[in-house]
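Going letter by letter, the sequence shown gives residues 0 to 245 in numbering that gives the first Met the number 0. From the three backbone atoms N, C-alpha and C, an ideal C-beta is built for every residue, glycine too. All values derive from a computational prediction rather than experimental measurement.
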Amino acid sequence: MAYRAPEGKGYADVAAHFRTLIKGGELSPGDSLPSVNEIRESFGVASKTVSRALALLKSEGLVTSRGALGTVVAKSPIVITGADRLNRMEKNGLRYAPGETSSGHQVLTRSVYDPEVCTALDLEPGSEAVIRIRVFRQDDKPTSVGVSVYPPYTASVVPELSDDVRMTKQFDKLYAERTGRQVVKGQRTAHSRQASHDELTALEIDAPPHSAVAVLVTTVTFHDDEQALGYWEDVYAPGARVPIGE
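Now the structure itself:
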């Protein structure tokens with residue numbers, strides 16, 4: 000694997016290089032990073048710069064020190080968003096990172112009343128939409144619940160969205176092929192809120208009845224140059240490390 004980067008890079012750039020490899024699944028939990036000397040020579044930077052880069056990755060929970068093995072990828076790396084997963088598939092075709100799986104797949108057609116979803120998709124409350132749900136797991140432990148909502152127009156162009164099977168190709172690619180219009184990913188936002196009962200069950204969180212459990216939620220809307228096409232929401236288990244605003 001080539002680790003060489005353009006000349007003149009600083010510690011943040013070195014850290015970003017390895018962060019991308021870890022998020023993309025090209026470096027797996029337990030894999031060793033090159034030694035400080037190897038990284039220093041590959042990037043043409045000082046040893047102090049490499050040490051700062053590794054310290055940054057450690058602070059993010061991405062890597063850890065492992066004695067004679069040096070610096071290795073942490074067993075439980077960051078949990079990426081659905082939008083990041085889409086980016087990873089575009090780059091290297093990997094749907095899952097090492098040790099990652101998904102379960103609880105559901106495809107539903109339901110009336111939508113959530114104000115945020117209706118606003119994002121320009122739907123009247125009570126309008127029907129296709130909803131796809133899945134639980135992502137790392138080493139068989141739930142890490143996030145992914146929910147994607149598609150208005151009737153999108154489902155008419157990409158009818159595969161309504162099929163209760165795992166899609167083999169992303170909706171944005173299918174939509175672009177069939178309409179000739181590019182699908183654009185909007186700004187990702189994050190907020191915290193109280194988890195619903197269904198979310199607690201999916202994340203396998205054993206909480207007392209009626210107790211409030213705060214969770215982090217990220218959302219993103221997809222659109223073309225005419226209308227909104229899809230709304231994605233990821234709900235993370237408490238304690239998850241999630242990259243925001245890269």
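| Query | Result |
| --- | --- |
| Assigned exposure category for ALA201 - 16 Cβ within 10 Å defines buried | buried |
| Strand pairing of TYR230, partner residues [DSSP] | VAL148, THR220 |
| Host beta strand (DSSP E) of LEU122 (start-end) | First-last for LEU122: undefined, no H or E at that position. |
| PHE221 to SER155 span [Cα, whole Å] | 16 Å |
| Whole-Å CB distance - ALA45 paired with VAL62, under 8 Å assumed | With a Cβ gap of about 19 Å, ALA45 and VAL62 do not count as contacting. |
| Alpha-carbon to alpha-carbon, GLU99 and VAL212 | 24 Å |
| Residue interval of the alpha helix (DSSP H) (run including THR19) | 10 to 22 |
| Spatially closest choice to ALA236 from TYR149, THR118, ARG136, by CA coordinates | ARG136 |
| Within 7 Å, strictly: CB atoms of SER102 and VAL144 | no |
| Where ALA236 sits in the DSSP three-state scheme | coil |
| Selected residue, minimal CA-CA separation from LEU107, among LEU120, TYR152, ASP162, PRO141 | ASP162 |
| Host beta strand (DSSP E) of GLU127 (start-end) | 126 to 137 |
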